[in-house]
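Notes follow the structure.
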Amino acid sequence: MSNEAKWYVIHTYSGYENKVKGDLEKMVENRKMQDLIFDLKIPTETVTEIKGEKTREVERKLFPGYVFIKMIVTDDSWYVVRNIHGVTGFVGPASKPVPLTDEEVAKFGVEKHSVELAYKVGDNIKVVSGPFENLEGVVDEIDAENNNVRVLITVFGRQTPVDMDLDQIVLAD
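When we follow this note's numbering, the leftmost residue of the sequence shown carries the number 320, and every step to the right adds one.
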């Protein structure tokens with residue numbers, strides 16, 4: 320057993336994800352286990368549904384029947400999680416918790432990392448890599464969640480929007 324908190328996946332009855340998350344949060348608070356169980360997530364996405372002439376935004380679970388938990392596995396923390404009503408076990412062989420790899424955590428969008436940028440919309444920048452290297456432009460739009468930035472670069476006398484990775488540009492001198 321490791322002393323480092325890792326992400327694990329709990330299997331629940333279908334439709335019990337929110338109840339399991341709420342019950343676990345209460346149990347962690349009541350038993351003062353914040354030093355063993357750190358975070359609980361139910362990854363969701365917002366989808367626009369169109370029925371007839373009505374459109375509405377609906378939040379859907381990406382993994383129905385599963386809850387992600389960041390914890391240090393000990394006998395106590397394992398026991399608490401396993402004995403919450405609605406939990407059928409951990410994902411792994413023989414219901415033994417198997418931690419997610421860093422790649423899986425990133426791929427599933429369980430943990431978001433905030434990005435500090437040296438530039439903002441409207442700033443003059445210089446491209447440092449890629450096919451537009453050494454050209455200058457203006458930041459038009461920043462999508463930090465997807466690691467993208469749209470830059471307006473002058474090509475053949477016209478401003479052209481170009482999508483790039485956040486690390487392909489720096490502030491112009």
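We treat Cβ as the ideally placed atom computed from N, Cα and C, and that holds for glycine.
Those residues which DSSP pairs with residue i across a bridge
i	result
F409	I329
I356	M390
I403	In DSSP, I403 forms no bridge with anything.
K373	K370
Secondary structure of residue i, DSSP reduced to three states
i	result
G341	helix
F387	strand
V440	coil
R469	strand
M346	helix
Q487	helix
D482	strand
E378	strand
E423	helix
Closest residue to residue i among the options (Cα-Cα distance)
i	options	result
D492	V447, V468 and N443	N443
P450	N466, D482 and E348	D482
V406	D421, E422, L419 and F387	F387
E460	K445, S448, V447 and P480	P480
W326	T365, A425 and G341	A425
K340	V447, L359 and V470	L359
N466	E372, V474, Q487 and N453	Q487
N322	S448, L355 and G411	L355
K380	I361, W397 and V458	I361
Y335	I391, F357, V392 and I403	I403
A437	V468, G411 and I391	V468
D342	K351, V446 and V400	V400
V328	T363, V429 and V446	V429
Euclidean distance between Cα positions of residue i and residue j
i	j	result
E368	D394	44 angstroms
Y385	Q478	47 angstroms
V489	T374	40 angstroms
E464	V347	30 angstroms
V366	E423	23 angstroms
D331	N453	Here residue 331 is Thr; the residue named in the question, Asp, does not match the sequence. C-alpha separation (whole angstroms): 53 angstroms.
L471	P383	41 angstroms
D421	E344	24 angstroms
M390	P416	10 angstroms
E364	N337	15 angstroms
Segment limits, beta strand (DSSP E) that includes residue i
i	result
V429	Here V429 belongs to no beta strand (DSSP E), and DSSP marks it neither H nor E.
D459	E455 to D462
K415	Here K415 belongs to no beta strand (DSSP E), and DSSP marks it neither H nor E.
K370	T363 to K370
Closer than 7 angstroms to chain C by CB, residue i
i	result
R469	Considering every chain present, this structure includes no chain C. It has just one protein chain.
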